[in-house]
Amino acid sequence: MRIVVLSSGSSGNAVFLEIGGKRLLIDVGMNRSFIKRELDRVHVPIGMLDGIFITHSHRDHTSGLPSLLKQLGAPLPIYIGRDTAEELKRFNIIDLTHYPYLHCINSMKYVAWADSSLTVLPLKLVHDVPVLGFYFEADDGNAVYITDTGFLPQVHAKHLYDREYYIFESNYDEDMLVSCSYPDVLKARIRSEKGHMSNEYSAHCISKLIGPHTKKVVLAHISENSNTEDLALVAHRRALQEGNFDLNNIVCAHQRRSLTVLDPKYGAALH
Ligand SMILES: [Zn+2]
Ligand SMILES: [Zn+2]
């Protein structure tokens, strides 16, 4: 298994995940040249991808899809909620209606490969547009991807408990959000149940989810305007300090440089 967060934050999100022998992208919120450059750095040819999972229609998760698909030589399956595919067309981002390798996915319906190499469980989250989180599981490991939700439904806890790798939103610090320059309506949206997870709420959720098999927690979608990596780390370290989890294994994904979370070729996990 390999995990590289290529970019994470309000300006764009894209994660490379190699699991069960499949090379996947989760979200394409950066353009093709950025993704190609970052994949080149970890020696993954962009033409060797096996699929793309899309969480939701917001541009910071989808803006790179048109440029990526335009220049692809090989067929590339896209796994996406039907409502999200419809929104992408309505928002003039991309029309996937006739895309021949489209797989419409639903919350709580496993996506499984015929060779049983990998299963993916999409989980419905809570945002101002339809959004899915994902749980990936294969023989070589498992990983959770949860961003862009104001709230983590309790019903998902049993699927997300004691996983190895969490890529998990820690979007804003309460005090920084209150005092930042965003208009009040945007602040209210971010703080609402249909917005994003604060550091405190994210830390609370993570403290309930991690278990003895958990190897790393990657804090993601950290706002550049209403948060800092240090504040996100402090909140999570505080919430986890009582347990046995090594606090050095909480790391932050970045907006402007990639984070190699796990790459067995280089031995221990890097950050
Ligand atoms: Zn987002
Ligand atoms: Zn969003």
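Heads up: the sequence shown begins at 146 in my numbering, then just goes up one per residue. Glycine included, C-beta positions come from ideal geometry on N, C-alpha and C.
Can you tell me whether DSSP reads S153 as helix, strand or coil? coil
Would you decide whether S326 is buried or exposed? Buried here means 16 or more other CB atoms lie within 10 Å of its CB. exposed
What number of angstroms, rounded off, separates the C-alpha of A289 from the C-alpha of Y306? Here the sequence assigns Val to residue 289, which means Ala is not the residue at that position. Straight-line Cα distance between these residues: approximately 10 Å.
Report the option in F198, A377, N176 and R177 whose CA atom is closest to the CA atom of F281. F198
Within 6 Å of ligand 2: residues by beta-carbon to any heavy atom: H201, H203, H272 and D293
Are the Cβ atoms of G165 and A283 separated by less than 8 Å? yes
Taking only three categories from DSSP, how would you classify G192? helix
Give the straight-line distance between the Cα atoms of A377 and Y317, rounded to the nearest whole angstrom. 8 Å
What span of residues does the alpha helix (DSSP H) with R336 cover, start to end? D329 to R336
Where K361 falls: helix, strand or coil (DSSP): strand
Is S371 near ligand 1, with its Cβ less than 7 Å from a heavy atom? no
Put V160 into one of helix, strand or coil per three-state DSSP. strand
According to DSSP, is T242 part of a helix, a strand, or is it coil? coil
Rounded to a whole number of angstroms, what is the C-alpha to C-alpha distance between S153 and S403? 8 Å
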